[in-house]
Amino acid sequence: MLEYASLRSRIGLPSLRGCLYYSQRLVTHPAIRRAAAGVIAAGINVAQRRPEPFPASVCEEFVKRLRQDGYARLPDMLKPGQVDDILAYLGDKPLLLRDGLCLGAGQAQTQVTIADVPLEDVLECPHVLATANAPFLIQLAIDYLGCMPTISTIGMRWSFPGDGAQVQTQNFHRDPDDWRFFKFFIYLSDVDCDSGPHLYVKGSHLDAGTFRARPIEEAELEQRYGREAIIAITGGRGTSFIADTFGIHAGPVPLARPRLILEVGYSILPVFALDYRPRRIARAEGLDPYVNRLLLN
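According to my numbering, the residues represented by the sequence shown are -5 to 291, in order.
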């Protein structure tokens, strides 16, 4: 996963990066956020030529569901053989723990409930960049964001069963990334109700957020939205879906079996809280330089 940047200057005041990041977090009213996102998107459209559109009829239903419900299941974006290629590539790669320690998957799952694949391994992994830049996903992003997207986050994460302390992403929360954004997910392992399925509160992306990011109790969500609004997304390897993660969501600790997931974030602007260090990757040939500018050079 990408590392966080310092949001303060040397004298302790918010840096320009910090001001840009917190300015959108301060605005919590949905209508104002949508208006601001529209203005920024219009400016990007002046500077960036849109690609030839993917057939609108193919993306339309998924964009409609994303706008209405906050999430949408997609056709599987990886073939079974491609998932096998990814797992084979990751087989001997270390995992990165939250304290910066690198361990093999076997060791990591005995010590923590969550561990990330290092970013350089994610970017070098077969099929990952090609899938993140699939014309279908780019067109879907254009339709939802209103402009050419920026890939602002990307990562692969293991979640393991265990009794260790949960991290924030394993509790219900909102992502305060940008004025408008969404994330694309692929399960790289079979995920059932005992494997820590992605949980999403249907329609919560349309509500006002809060300036301070905080975990949200499930009982609070049931009282406000109803139990039926908390959707568990399950499926076999290759299951693909999108979610506006400004809406309330969680990736809970698995009860019985580990979960491996690929996540790609598409936004209007960079996530100014993150420290981007673009890399030169052999697999980057032919990819749109604007869409990938934060990750690749």
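Ideal Cβ positions, reconstructed from N, Cα and C, are used throughout, including at glycine.
Query raised in the report: Quick one: Cα of R253 to Cα of D93, how far?
Result: Your numbering for residue 253 matches position 259 in the sequence shown. Your numbering for residue 93 matches position 99 in the sequence shown. Between R253 and D93, the C-alpha separation is close to 21 Å.
**Report entry** Range of the contiguous beta strand (DSSP E) that encloses L256
**Finding:** As a working note, residue 256 is residue 262 in the sequence shown. That run of the beta strand (DSSP E) goes R253 to S261.
Requested in this report: Would you identify the three-state DSSP class for E211, choosing helix, strand or coil?
Outcome: To locate residue 211, count along the sequence shown from 1; it is residue 217. Correct three-state label for E211: coil.
**Report entry** Residue range of the unbroken alpha helix (DSSP H) whose run includes S146
**Finding:** For the purposes of this step, residue 146 is taken as residue 152 along the sequence shown, with counting starting at 1. No alpha helix (DSSP H) holds S146; the beta strand (DSSP E) holding it covers T144 to S153.
Query raised in the report: Should K73 go down as buried or exposed, given a rule of 16 or more other Cβ atoms within 10 Å for buried?
Result: As a working mapping, residue 73 is identified with position 79 in the sequence shown. So K73 counts as exposed.
Query - Where the beta strand (DSSP E) containing L68 begins and where it ends - result: On the sequence shown, residue 68 is found 74 positions in, with the first residue counted as 1. That run of the beta strand (DSSP E) goes Y65 to L68.
Query raised in the report: In this structure, does DSSP put D269 in helix, strand or coil?
Result: Along the sequence shown, one-based indexing puts residue 269 at 275. Of the three classes helix, strand and coil, the one that applies to D269 here is strand, per DSSP.
Query raised in the report: Can you find at least 3 beta carbon pairs, one from the region 267 to 274 and one from the region 220 to 236, that sit closer than 8 Å?
Result: Segments in contact, no.
Query raised in the report: Where do the ends of the alpha helix (DSSP H) carrying A(-1) lie?
Result: As a first step, residue -1 is located in the sequence shown; it is residue number 5 there, counting from the start. First-last for A(-1): undefined, no H or E at that position.
Query raised in the report: Whose C-beta lies closer than 8 Å to the C-beta of Y15 among residues of the same chain, with five residues either side of it excluded?
Result: Within the sequence shown, residue 15 is the residue found at index 21, counting from 1. Hits under 8 Å: L1, V265, F266 and A267.
Query raised in the report: Straight-line CA distance for P248 to T228?
Result: As a working note, residue 248 is residue 254 in the sequence shown. As a working note, residue 228 is residue 234 in the sequence shown. So the alpha carbons of these two residues sit roughly 12 Å apart.
Query raised in the report: CB M142 to CB Q42, shorter than 7 Å?
Result: As a working note, residue 142 is residue 148 in the sequence shown. As a working note, residue 42 is residue 48 in the sequence shown. Yes, the pair counts as a contact, with Cβ atoms nearer than the cut-off.
Query - Whole-angstrom distance between P45 and R231, CA atom to CA atom - result: Translated into positions along the sequence shown, residue 231 becomes position 237. Translated into positions along the sequence shown, residue 45 becomes position 51. Taking the straight line from one Cα to the other gives about 31 Å.
Requested in this report: Tell me whether M71 counts as near the ligand SAH, meaning its Cβ is closer than 6 Å to at least one heavy atom of that ligand.
Outcome: Absent from the structure shown: the ligand SAH. Ligands present: none.
Requested in this report: My understanding is that L117 touches I275, with C-beta atoms under 8 Å, so please give their C-beta distance in whole angstroms.
Outcome: Here residue 117 refers to the residue found at position 123 of the sequence shown. Here residue 275 refers to the residue found at position 281 of the sequence shown. The Cβ separation is near 5 Å, so the contact holds.
**Report entry** Strand pairing of P8, partner residues [DSSP]
**Finding:** Within the sequence shown, residue 8 is the residue found at index 14, counting from 1. Answer is R2, bridged to P8.
Requested in this report: Output the residue ranges of the alpha helix (DSSP H) runs that lie fully inside the region 68 to 107 and measure 4 residues or longer, sorted by chain position.
Outcome: For the alpha helix (DSSP H) assignment, the uninterrupted runs of no fewer than 4 residues enclosed by the region 68 to 107 are, from N- to C-terminal side, 74 to 84 and 99 to 102.
Query raised in the report: Pairing CB atoms from the region 282 to 289 with CB atoms from the region 204 to 221, are three or more of them under 8 Å?
Result: no
Report task. Quick one: residues in its chain with C-beta nearer than 7 Å to the C-beta of I136, no 5 flanking neighbours on either side, listed in chain order? Result -> As a working note, residue 136 is residue 142 in the sequence shown. If we look at I136 and ignore the five residues flanking it on each side, its Cβ neighbours are R44, M142 and P143.
Requested in this report: Taking all protein chains shown into account, decide if P170 is buried (16 or more other Cβ within 10 angstroms of its Cβ) or exposed.
Outcome: For the purposes of this step, residue 170 is taken as residue 176 along the sequence shown, with counting starting at 1. With 16 or more other Cβ atoms within 10 Å, it is buried.
**Report entry** Run of the alpha helix (DSSP H) containing L200, from where it starts to where it stops
**Finding:** Within the sequence shown, the letter at position 206 stands for residue 200. Segment: none, L200 is in no alpha helix (DSSP H) and carries neither H nor E.
Report task. Output the distance between the C-alpha atoms of Y284 and E114, rounded to the nearest integer angstrom. Result -> If you number the sequence shown from 1, residue 284 lands on position 290. If you number the sequence shown from 1, residue 114 lands on position 120. Answer to the nearest angstrom: the Cα atoms are 20 Å apart.
Requested in this report: Consult DSSP for V285 and reduce its assignment to one of helix, strand or coil.
Outcome: In the sequence shown, residue 285 corresponds to position 291, counting from 1. Reduced to three states, the DSSP call for V285 is coil.
Report task. On the DSSP bridge assignment, give the partners of K177 in chain order. Result -> Taking the sequence shown and counting its residues from 1, the one referred to as residue 177 is at position 183. Within the DSSP secondary-structure output, K177 pairs in a beta bridge with A237 and G259.
Report task. Examine the Cβ distances between the region 18 to 35 and the region 195 to 209 and report whether three or more of them are shorter than 8 Å. Result -> yes
Query raised in the report: Do you know how far the Cα of K87 is from the Cα of C187?
Result: As a working mapping, residue 187 is identified with position 193 in the sequence shown. As a working mapping, residue 87 is identified with position 93 in the sequence shown. The C-alpha of C187 lies about 27 Å from the C-alpha of K87.
Report task. State yes or no: is the C-beta of R174 within less than 7 Å of the C-beta of L123? Result -> Working through the sequence shown from its first residue, we reach residue 174 at position 180. Working through the sequence shown from its first residue, we reach residue 123 at position 129. Against a cut-off of 7 Å, the Cβ pair of L123 and R174 comes out as no contact.
Query raised in the report: Can you round the beta-carbon distance between C119 and Y83 to whole angstroms, since I take them to be within the 8 Å contact cut?
Result: Position 125 of the sequence shown holds residue 119. Position 89 of the sequence shown holds residue 83. Right, the Cβ-Cβ distance comes to about 5 Å (below 8 Å), so this counts as a contact.
Report task. Please name the residue, chosen from V57, V106 and S51, that lies closest to A237 on a Cα-to-Cα basis. Result -> To locate residue 237, count along the sequence shown from 1; it is residue 243. Ranking the options by Cα distance to A237, first place goes to V57.
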